[in-house]
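This report concerns only the one structure given below.
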Amino acid sequence: MLEGADIIGLRVDVEGQLGTIRFHGSISPSLTLPPTSSRSKPDTLWYGIEWDDPSRGKHSGTHNGIKYFITKHPNAGSFIKPSSKIKFGRSYLAAVQTKYIFNDEDELANMGDWGGKVVEAIGWEKIKRKQKTLSWLQEVNVSGLQISGIGNDTEEAVRESSKSLWELDMSRNLFRTISEVGVLTRCMSKLEVLRLNYCRLELDIDRLRVDSFRSIKVLVLNSVDWSWKQMGVLSAFLPALEDLSFAFQPYLTKLIDGSDPNCSITYSHSHHSGQGNG
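No gaps in the numbering here: position 172 of the sequence shown is 172 in the UniProt record's numbering, and each next residue is one more.
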């Protein structure tokens with residue numbers, strides 16, 4: 001179980017529901033437990049989660065008059081006990097290997113155990129043959145595979161597996177910051193199309209390298225809970241950008257010209273024009 005201050009802000013997947021850890025610690029023992037749970041001990045540690053889907057929440061981080069954490073959206077939070085249902089993410093390459101090498105639900109649970117059951121079940125030679133094909137892939141879709149970053153893999157390993165990659169969908173994953181995405185994409189020299197729908201990314205520009213998104217021409221950032229100001233800041237790192245889809249953001253306000261804020265943007269050198277999605 002993860003502990004300490006570093007856990008705050010981590011993204012998690014709980015049975016397909018995504019959220020952000022806002023609190024980890026003890027709470028009032030009078031917290032109402034689910035019917036199937038045993039009574040909590042006073043020293044039980046809980047996670048305070050803000051859910052991406054606010055309808056899953058029960059409160060805004062307050063219990064018994066005590067404010068334990070703050071949610072960005074009202075009533076989007078709840079407390080849950082540590083369990084195996086909480087997934088903290090995997091590396092990008094682990095997800096790609098799961099999807100394009102192992103491609104089996106049973107093997108998914110054992111992903112990363114190169115010296116154990118997976119290797120024995122599939123065969124090392126077969127794995128090596130399939131792994132070589134990763135560098136030939138031009139389009140990769142690893143949406144919803146609990147990716148949290150580069151993990152323990154090297155940039156060279158990512159670069160080797162992405163030699164031909166020009167389109168990548170990493171929507172609904174567990175990245176915490178935009179720089180975690182940038183660590184990966186700067187290893188993908190031919191990448192032109194990037195999809196990050198439904199990701200909740202902190203805009204840590206101070207950690208983002210200037211070459212992180214240098215080749216991106218098409219960026220799809222729908223439902224990422226950003227403002228136009230945040231998007232404007234990121235645009236400085238997108239020198240090749242031609243098309244942007246930036247729809248369904250709760251805090252968007254109308255553009256200066258009064259057009260629909262949920263729109264696609266076509267960039268042309270130093271200026272852009274908004275095109276509503278209808």
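Using N, Cα and C, we set each Cβ at its ideal position, and we do this for glycine too.
Note that this is a predicted model, so its numbers are computed, not measured.
{"Item": "Unbroken stretches of the beta strand (DSSP E), 3 residues or longer, contained in the region 183 to 229", "Value": "193 to 195 and 218 to 220"}
{"Item": "DSSP beta-bridge partners of ASP169", "Value": "ASN141 and ARG195"}
{"Item": "Limits of the unbroken beta strand (DSSP E) element including GLN17", "Value": "17 to 25"}
{"Item": "Cβ-Cβ separation, GLY77 to SER55 (assumed contact under 8 Å), whole Å", "Value": "Not confirmed; about 12 Å, so no contact."}
{"Item": "Any non-hydrogen atom of the ligand GTP within 7 Å of ARG200 CB", "Value": "Annotation note on the ligand GTP: not contained in the displayed structure, which lists no ligands."}
{"Item": "Segment contact flag, the region 87 to 94 with the region 10 to 24, C-beta cutoff 8 Å, min 3 pairs", "Value": "yes"}
{"Item": "Residue burial classification, GLY57 (beta-carbon count within 10 angstroms, cutoff 16)", "Value": "buried"}
{"Item": "Per-residue burial, ARG209 [other beta carbons within 10 Å of its own, 16 or more giving buried]", "Value": "exposed"}
{"Item": "DSSP state of ASP52 mapped onto helix, strand, coil", "Value": "coil"}
{"Item": "Residues bridged to SER78 (per DSSP)", "Value": "ILE49"}
{"Item": "THR20 burial status per 10 Å Cβ neighbour count (16 or more: buried)", "Value": "buried"}
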